[in-house]
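Quick note on numbering: UniProt numbering labels position 95 of the sequence shown as 95, and the sequence is numbered without any gaps. All C-beta atoms in this analysis are idealised placements derived from N, C-alpha and C, irrespective of residue type, glycine included. Note that the coordinates shown come from a computational prediction; the quantities given were computed from them, not determined experimentally. Presented below is the structure to which this report refers.
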Amino acid sequence: MENFEFYTPTKVYFGKDMHRQVGEIVKSYGYLKVMIHYGSGSVKRTGLLDEVTSSLDKSGVEYVLFGGVQPNPTLALARKGMEICEKESVEMILAVGGGSVIDSAKCIADGVGNPGKDVWKFFTKEDAPAKALPVGTILTLAASGSEMSASCVITNEEGGFKRGFNSPTHRPLFSILNPELTYTVNKFQTGCGTVDIMMHTLERYFTVSRNVDLTDRLAEGLLKSVISAGRIADQKPEDYEARATLMWAGSLSHNDLTGAGRNVFMAVHQMEHELSGMYPRIAHGAGLSALFCSWARFVCPYAAERFAQYAVRVWNCEMNFEDPMKTALAGIDATEEYFRSLGMPTSLRELGITDEKFGEMAEKCTFFGERTLPDFIDLDAPEIETIYRMAY
Ligand code: NZQ
Ligand code: ZN
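So, in structure tokens, the structure goes:
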């Protein structure tokens, strides 16, 4: 087990009707003016925005509204949000939505907390935020884990760069998780969310650190629960227990619990960010679904036993002691079959793109030669391009 720090300060309010208390929750932290940040309209259609504003009104908390976040949120919109916060003397940001809304809120919070600094330099790691406005969330989609994570992912449309960085400033102050708010998430986004939740744990699981048995078992347990809940939510969108399992798993999968004691890099996420950075209409979970199994087949020969353990413990595959590689590949096949059963793409072709940008995406993924993607073997641009082509 590697040395690690574990810091997950976000207070979670979980369960039915919890969002109705948001006014009192905000006030309990001493904030009296918030910016409500939201997406392209789902919170209006479902009536959630009215419920939130009415709770804030009742508690005497003032607010300004700022919507319009698109999936794969942009730097340009976040910059507008920073101006509003400064002009309106906003004390905290309340993000009501999925990962895109929450990440946009985190980026705005970084900008407001560090006046005079270019927030994009935080994403290119030339600078780091010293502080940030507090962010609270009301989550409407179980997927990204941004409601508890230290990460924030933003696309700079100039050049199509999608970049993320981790900072303690990104841990939300609180997150309100009411699984009922996810009943309206459609089949496709539910599938994307299920894949993303699994991937946050899988990318921690498939790393080289040894002797991390407790973390392994937590990861395997989480994966089994998510696989089962994902199947149910796909068929019965209003199944509370399945939605609740996905929601809580989404938070635990990316709050670092399932990676404790492991060195984590998340290579497939890096490859996916190039994909949805280049093609912003591609949903993050769909990109991961199209890439994961090709990455896994590429690196599997260097970690056959680890993949075999996953196959046996998560998918109940039979262990072939003479040839663990056979078991390992059976686990990858089972994962692929599962993603397909949720209607998720398992090839890049299904995302409606051509193969002409794979070389460029691979170069960008190595930050033009400044890094490789580790885990089992170091992937440089040629190997990354090979994986994109395998996934096509
Ligand atoms: O914009 P609205 O109208 O709200 O619609 C959204 C959007 O179209 C819709 N939706 C959300 N909640 C809904 C709903 N529709 C009906 N009912 C509801 N209750 O779903 C669509 C997708 O939303 P989005 O927020 O984009 O999805 P997700 O939560 O998957 O977030 C994806 C973003 O998070 C980043 C991804 O790269 C991507 O940009 N990630 C952030 C991470 C982090 N900060 O820790 C980690 C992840 O690995 C990921 O990279
Ligand atoms: Zn993800």
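Would DSSP call ILE93 helix, strand or coil? strand
Going straight from the alpha carbon of VAL153 to that of VAL314, what length do you get? 29 Å
Could you check whether the Cβ of ASN72 sits closer than 6 Å to any heavy atom belonging to the ligand NZQ? yes
Whose C-beta lies closer than 6 Å to the C-beta of GLY259 among residues of the same chain, with five residues either side of it excluded? ARG204
Which class does LEU177 belong to by DSSP, given the choice of helix, strand or coil? strand
Please name the residue, chosen from GLY277, GLU51 and THR46, that lies closest to GLU158 on a Cα-to-Cα basis. GLY277
Cβ-Cβ separation, ALA142 to MET266 (assumed contact under 8 Å), whole Å: Contact doesn't hold; Cβ gap of about 19 Å is too wide.
With LYS162 and THR169 assumed to form a contact (beta carbons below 8 Å), what rounded beta-carbon distance in angstroms separates them? That belief does not hold up - the Cβ atoms of LYS162 and THR169 are roughly 20 Å apart, past 8 Å.
Would you tell me roughly how many angstroms separate the C-alpha atoms of THR10 and LEU329, rounded to the nearest one? 38 Å
Measuring from the CB of VAL153, is there a heavy atom of the ligand NZQ at a distance below 6 Å? yes
Residue nearest to PRO172 in terms of C-alpha spacing, selected from GLY99, ALA233 and VAL64: GLY99
Cut-off 7 Å between Cβ atoms - residues of its own chain near THR194, not counting five sequence neighbours on either side: VAL226, GLY230, LEU246 and LEU342
List the DSSP bridge partners of CYS152. PHE165
Would you tell me roughly how many angstroms separate the C-alpha atoms of ARG79 and GLU51, rounded to the nearest one? 27 Å
With hydrogens ignored, establish whether the beta-carbon of ASP196 is closer than 6 Å to any heavy atom of the ligand ZN. yes
Tell me which residues share the same chain as PHE14 and place their Cβ nearer than 6 Å to its Cβ, disregarding the 5 neighbours each side in the sequence. LEU177
Please indicate yes or no: does the CB of GLY343 lie closer than 6 Å to some heavy atom of the ligand NZQ? no
Below 6 Å CB to CB, which residues in the same chain sit around ALA334 once its five sequence neighbours on both sides are set aside? TRP315
So, for TRP120: in the same chain, excluding its five sequence neighbours on each side, which residues have a beta-carbon less than 7 Å away from its beta-carbon? LEU75 and ASN156
Between which residues of its own chain and PHE66 is the CB-CB distance below 6 Å, once the five residues before and five after are set aside? MET35, HIS37, GLY81 and ILE84
Thinking C-alpha only, which one of THR140, ILE387 and SER151 is nearest PRO129? SER151
Cα separation between THR327 and GLN235? 30 Å
Helix, strand or coil for THR62 per DSSP? Reading off the sequence shown, one finds Glu at residue 62, where the question assumed Thr. Of the three classes helix, strand and coil, the one that applies to GLU62 here is strand, per DSSP.
Beta-carbon spacing of LEU56, GLY23 below 7 Å: yes
The region 269-287 in contact with the region 349-363 per 3-pair CB rule at 8 Å: yes
In terms of residue numbering, what span does the alpha helix (DSSP H) encompassing LEU75 cover? 75-88
Contact under 7 Å by Cβ, MET18 with GLY191: no
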